[in-house]
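Sequence positions in the sequence shown follow the working numbering and run 6 to 388. Positions of the beta carbon are idealized from the N, C-alpha and C atoms, including for glycine. Report on the following structure.
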Amino acid sequence: MAGSNRIEIDEDILDLRPSWLTVDLAAIQHNAQVVMAHAGAKRLIAVVKANAYGHGVGPVAQALLAIGVKDFAVATVGEGVQLRQILPQSDVNITLLGVQPVEDAVAMVNYQLMPAVGDLDWLTKAAELIGPDRPSLGIQLAVNTGMGRIGAASADAVADLYRHIEDDEHFHLGGVFTHYATADDTNQEYYDRQRKRFADWVTAAGIPQKYWHQANSGSALYHADQIDTGTIRVGSVLYGYNPGDPLLKTDVDLQPAMALHTRIGGVHQLQPGDGVSYGATYVADKPQWVATLPIGYADGYIRRFGGMRVLVNGHEEHVIGRVTMDQIVITLRKQLPVGTEVTLLGRDGDQAITIEELAAKGETIPHEVLTNFSVRLPRHYRS
Ligand SMILES: Cc1ncc(COP(=O)(O)O)c(C=O)c1O
């Protein structure tokens, strides 16, 4: 700009990158509704930690609010404050699922965030920090029935904590919960041990059922007839995938919310003996068209996706050679124009690449793939 020493940025340019995620908000709303119906739930605590499993916490939280969801859960105080900025309505409840630094107790009061708490010591210190004349802090009483991470781990410990929360004016009960270690696999015996402990301990403590929430996605899909599911607390199913796959199948109509696309950045022909990418681990044995795509492991398209299927014009092609930080190379059955769209995750014609398939290729789980998609990928929203 004339006369100025600053270069002004048009923010829209950041969304123009030819590699992008598409998030289908209507699919997330649909998934919330079908999972609640399947589990017979009246209330949904939407787990939107880690930027809503990579889908973008702002648009996801707004879309869920629009269908009446008033309860959300995240993992950290920072995520809680960010969500409170997005949803300042005082009737929106925000739970913090992980262990929280007690030093942040006053911030939790100020932003109306309900921490998971599993020990008395935390409450004693928090009460000192909160002091007099502040509103009371909602507590999510955490019960460790077998996950082995956080929570009161006996009937007595649950009863002591509950009594303390009820008796100390600094606190009020926001909920009581446990988390299942084997809800999405076939270890029913371990599941039964956990569900029995939870029901026994919270019943003995006298905590009314309206405060209970236990069901993660695996429980909502596969154990809804075994536990109280008046309130469910789910993440994966909202985003349209089955955490039990491939071990357990479901008839619930989950619609995948995330797709990943890119556009061909360059096309060239390899000659016999020509290698591709670091280490030249792929070498052509005949003349062969290939395309270079502007995406790599810095975007979350991790190195273990080498060899993965991709879809071009409804046909299957494959990643060849090593995935690099910003670029990958794919096979082409014929020369194609620069700019041709490529599907790395999602549907193209009657073919689809699912998050479950991508995760299996990466020797990981869908949660990890989705939360690994980096900020460098613009997210486009469909509603
Ligand atoms: C305590 C707790 N509850 C619920 C969830 C949601 O789990 P899922 O995505 O399997 O529904 C998580 C996710 O890690 C969690 O840590």
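How far does the beta strand (DSSP E) with residue i in it reach, from first residue to last?
i	result
tyrosine 441	Lying outside 6 to 388, the shown extent of the chain, residue 441 is not represented and no answer is given.
leucine 349	346-353
glycine 143	142-147
glutamine 34	Per DSSP, glutamine 34 belongs to no beta strand (DSSP E); it is in the alpha helix (DSSP H), 30-44.
glycine 223	Careful: glycine 223 lies outside any beta strand (DSSP E), inside the alpha helix (DSSP H) at 222-227.
aspartate 189	Note, aspartate 189: premise wrong, no beta strand (DSSP E); not H, not E.
valine 257	Valine 257 -> no beta strand (DSSP E), and no H or E assigned at all.
glutamate 373	From DSSP, glutamate 373 is part of no beta strand (DSSP E) but of the alpha helix (DSSP H) over 371-377.
threonine 359	First-last for threonine 359: undefined, no H or E at that position.
threonine 297	293-298
Quick one: grab the DSSP three-state call for residue i.
i	result
aspartate 20	helix
histidine 175	coil
isoleucine 232	coil
asparagine 98	strand
glutamine 67	helix
leucine 88	helix
proline 342	coil
arginine 387	strand
leucine 49	strand
valine 163	helix
tyrosine 306	coil
valine 288	strand
Looking at the secondary structure, which residues open and close the alpha helix (DSSP H) in which residue i lies?
i	result
proline 248	No alpha helix (DSSP H) contains proline 248, which DSSP labels as neither H nor E.
alanine 110	110-115
aspartate 331	Here aspartate 331 belongs to no alpha helix (DSSP H), and DSSP marks it neither H nor E.
Flag residue i as yes when its Cβ comes closer than 7 Å to any non-hydrogen atom of ligand 2, and as no otherwise.
i	result
glycine 240	Ligand 2 is absent from the structure shown, which contains only ligand 1.
Answer yes or no: the CB of residue i versus the heavy atoms of ligand 1, is any distance below 7 Å?
i	result
asparagine 192	no
valine 86	no
leucine 253	no
histidine 273	no
proline 248	yes
asparagine 221	yes
valine 380	no
valine 74	no
leucine 69	no
valine 52	yes
leucine 101	no
On the premise that residue j lies in contact with residue i, defined as a C-beta separation below 8 Å, what is that separation, rounded to the nearest angstrom?
i	j	result
isoleucine 99	valine 79	7 Å
valine 207	valine 163	6 Å
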